[in-house]
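Q:
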Amino acid sequence: VYRSEIEQAEDPQKVRAEKIAEYREKYANPYIAAAQGMVDDVIDPRETRKRLIRGMETLIAKSESHPKRRHGNMPL
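Per the working numbering, the very first residue in the sequence shown carries number 277; after that it's consecutive.
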């Protein structure tokens with residue numbers, strides 16, 4: 277995205293490092309994504325297993341109910 281700006285800079289490595297740091301601050305942050313509604317929750321990696329197990333347990337007890345058919349197949 278900033279290729280020409282980096283190539284034209286006196287110190288390309290420094291400008292590249294600054295752009296990477298700026299990107300990480302703006303976009304590579306889970307808390308910003310959560311604030312914008314892009315993710316539901318930010319969890320500690322140590323809690324991942326517990327959260328997955330809890331989610332699977334709720335799916336085991338889930339039952340689907342389909343609405344009763346109002347109309348059958350029409351004979352052709």
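Ideal Cβ positions, reconstructed from N, Cα and C, are used throughout, including at glycine.
Quick check on the DSSP output: the alpha helix (DSSP H) that includes Met-332 runs from which residue to which?
A: Start at 1 with the first residue of the sequence shown, and residue 332 comes out as number 56. Met-332 -> alpha helix (DSSP H) spans 324-336.
Q: I'd like the list of long-range same chain contacts for Pro-288, defined as Cβ closer than 7 Å, with 5 residues on each side in sequence excluded.
A: As a first step, residue 288 must be located in the sequence shown, where it is residue number 12. Ile-282.
Q: Nearest-angstrom Cα distance between Tyr-307 and Lys-344?
A: Counting from one through the sequence shown, the residue named residue 307 turns up at place 31. Counting from one through the sequence shown, the residue named residue 344 turns up at place 68. Computed Cα separation, rounded: 44 Å.
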